[in-house]
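Written out below as structure tokens is the structure these notes cover.
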Amino acid sequence: GQQVKQSSPSLTVQEGGISILNCDYENDMFDYFAWYKKYPDNSPTLLISVRSNVDKREDGRLTVFLNKSGKHFSLHITASQPEDTAVYLCAAENQGGSAKLIFGEGTKLTVSS
Amino acid sequence: NSKVIQTPRYLVKGQGQKAKMRCIPEKGHPVVFWYQQNKNNEFKFLINFQNQEVLQQIDMTEKRFSAECPSNSPCSLEIQSSEAGDSALYLCASSQGQTGNTLYFGEGSRLIVV
Numbered sequence: 651g652q653q654v655k656q657s658s659p660s661l662t663v664q665e666g667g668i669s670i671l672n673c674d675y676e677n678d679m680f681d682y683f684a685w686y687k688k689y690p691d692n693s694p695t696l697l698i699s700v701r702s703n704v705d706k707r708e709d710g711r712l713t714v715f716l717n718k719s720g721k722h723f724s725l726h727i728t729a730s731q732p733e734d735t736a737v738y739l740c741a742a743e744n745q746g747g748s749a750k751l752i753f754g755e756g757t758k759l760t761v762s763s
Numbered sequence: 332n333s334k335v336i337q338t339p340r341y342l343v344k345g346q347g348q349k350a351k352m353r354c355i356p357e358k359g360h361p362v363v364f365w366y367q368q369n370k371n372n373e374f375k376f377l378i379n380f381q382n383q384e385v386l387q388q389i390d391m392t393e394k395r396f397s398a399e400c401p402s403n404s405p406c407s408l409e410i411q412s413s414e415a416g417d418s419a420l421y422l423c424a425s426s427q428g429q430t431g432n433t434l435y436f437g438e439g440s441r442l443i444v445v
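Those protein sequence lines, which keep their order, are chains U and R. With the first sequence counted from 1, adding 650 to any position gets you my numbering. With the second sequence counted from 1, adding 331 to any position gets you my numbering.
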């Protein structure tokens with residue numbers, strides 16, 4: 651089964667608004683969480699990552715919130731801009747176990763001007 | 332521009348044919364991953380290597396795929412006998428370490444099995 655799930659295949663946000671992308675996971679041994687961004691016809695690139703010893707990490711307009719008890723993490727993008735339009739992939743792994751990063755299916759974010 | 336080089340960008344194979352894809356990881360990255368992005372946009376982990384050794388692989392890869400990362404040569408992923416369900420984008424990524432490290436992806440090899 652899919653260990654990392656993004657239940658929303660798409661999301662549309664007005665320019666200037668907050669984009670909230672959600673990710674759920676099944677394995678409570680996961681302790682590293684990441685968000686990758688993918689433009690059409692380009693390969694995914696890392697946006698931001700967080701380890702399980704923190705609940706929140708900010709980097710500019712990006713904030714990752716981690717809810718370990720709920721097995722859920724999210725990416726918030728403030729002041730969303732048209733250039734944020736892309737597919738966002740969440741990913742997780744167990745650093746102390748298997749060496750493989752498990753990805754979700756992705757959420758297509760469209761920021762409309 | 333990606334520093335992970337994948338070839339070919341596209342390949343078309345008949346059912347039962349072999350399909351081989353190659354990947355040159357970013358310089359200095361000892362860990363290489365292969366993922367399959369299928370028509371449902373699912374990123375499926377296939378196999379990873381550290382230097383020339385396999386770290387992990389899924390059952391499908393073990394049974395139907397042949398993969399290697401020889402020293403001083405590109406890594407490769409080969410499907411021994413292509414099936415229609417193998418049609419997908421195959422992405423190679425490299426990183427500096429096994430876990431908790433950024434994955435740098437290539438642009439992928441798109442396989443179409445007719």
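Cβ atoms here follow ideal geometry from the backbone N, Cα and C, with glycine treated the same way. Note that the structure is a prediction, hence the values are computed from the model and not measured.
So what's Lys-344 (chain R) in DSSP terms, helix, strand or just coil? strand
Do we get a CB-CB distance below 9 Å when we pair Asp-691 (chain U) with the residues of chain R? yes
Going by DSSP, name the residue or residues bridged to Arg-441 (chain R). R:Tyr-341, R:Leu-420
Neighbour flag for Tyr-421 (chain R) against chain U, beta carbons, 9 Å: no
Cβ neighbour criterion (16 or more within 10 Å) applied to Gly-710 (chain U): exposed
Cβ pair Val-663 (chain U), Ala-741 (chain U) closer than 9 Å: Not closer than 9 Å, so no.
Short-range partners of chain U found in the segment 354-380 of chain R, where Cβ spacing is below 8 Å: Val-362, Phe-364, Tyr-366, Asn-371, Asn-372, Glu-373, Phe-374, Phe-376, Asn-379
Do Ser-730 (chain U) and Leu-696 (chain U) have their C-beta atoms closer together than 9 Å? Here Ser-730 (chain U) is not near Leu-696 (chain U), since their CB atoms are 9 Å or more apart.
Do Val-737 (chain U) and Asn-372 (chain R) count as a contact pair if the criterion is CB distance below 9 Å? yes
First and last residue of the uninterrupted alpha helix (DSSP H) at Lys-718 (chain U): Careful: Lys-718 (chain U) lies outside any alpha helix (DSSP H) and carries neither H nor E.
When you check each C-beta in the segment 380-394 of chain R against every C-beta of chain U, which residues fall closer than 7 Å? For the segment 380-394 of chain R, which is checked against every Cβ of chain U, the residues closer than 7 Å are Leu-386, Gln-387.
Could you confirm whether any beta carbon from chain U is found closer than 9 Å to the beta carbon of Tyr-341 (chain R)? no
Can you give me the C-alpha to C-alpha distance between Pro-361 (chain R) and Phe-396 (chain R), rounded to a whole angstrom? 21 Å
Since Val-385 (chain R) sits in a beta bridge, which residues does DSSP pair it with? R:Phe-380
Using the three-state DSSP reduction, which class does Arg-395 (chain R) fall into: helix, strand or coil? helix
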